[in-house]
Structures are given as C-alpha cells and as structure tokens.
Amino acid sequence: MKKTEEYFLINKQRNRVKRFRKFEDINNKQNDFIEIEYGCVYKSSSKPVYKGSRIETLENARKEYKKLVEEGWKKTNIFKSYF
C-alpha cells in the first residue's frame with residue numbers, strides 16, 4: 000500500500016475536523032476521487048471522534064475545501080497520528 004497525501008482542516012471553534020485524501024478505486028482507471036472524513040473534537044487534548052466519510056469527485060472536493068477555507072477553517076496536522 001502506497002502512502003497517500005492527506006489534508007486536515009479544523010474549524011474556528013476547534014470542535015470539528017475534516018480529512019481529505021485520495022481514494023483509490025481499483026475498478027476505476029481514472030481514480031479522480033477524494034475521501035472526506037468528518038468528525039468532532041470534544042476536548043483539545045483528546046483524539047477526534049469520526050462520524051463518517053463520503054467519496055467525492057476531485058472537483059467537488061476542491062470546491063468544498065476552498066469553501067471551508069473561506070469560512071475560516073484552518074489547515075492542521077495535529078490529528079495525523081490518530082488515523
């Protein structure tokens with residue numbers, strides 16, 4: 000399994016987090032899909048509780064990422080070790 004690049008965003012209140020990473024679909028040769036996982040952070044010292052995920056096209060994932068950044072979400076890596 001190859002290492003895939005992933006990006007984390009956290010909201011202004013630091014209580015919600017989203018992870019964007021490449022989704023590898025062996026049935027689809029294009030592989031233009033992104034998995035978006037989302038969850039809640041109940042304490043700043045604890046790991047996030049992930050509520051679910053969904054698969055989006057690369058274009059739709061970029062739009063969502065851009066919209067979240069415009070709303071004030073920040074890029075972070077503090078949750079990388081919890082996956």
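Mapping of the sequence shown onto numbering that gives the first Met the number 0: position 61 corresponds to residue 60, and the numbering continues sequentially without gaps. Quick reminder that beta carbons are idealized off the backbone N, C-alpha and C, glycines included.
Report task. In the DSSP assignment, find the beta strand (DSSP E) that holds residue 74 and state where it starts and stops. Result -> 73-75
Query raised in the report: Around the Cβ of residue 48, are there at least 16 other Cβ atoms within 10 angstroms (buried) or fewer (exposed)?
Result: Using a 10 angstroms sphere on the CB of residue 48, the tally of other CB atoms stays under 16, which defines it as exposed.
Requested in this report: Just mark residue 82 as buried or exposed, buried being the case when its beta carbon has 16 or more other beta carbons within 10 Å.
Outcome: Only weak support exists for where residue 82 lies, its pLDDT of 45 falling under 50; the coordinates are left without a value.
**Report entry** N-terminal and C-terminal residue of the beta strand (DSSP E) that residue 48 is part of
**Finding:** 48-56
Query raised in the report: Considering only the beta carbon of each residue, do residue 57 and residue 33 sit closer than 8 Å?
Result: Less than 8 Å separates the beta-carbon of residue 57 from that of residue 33.
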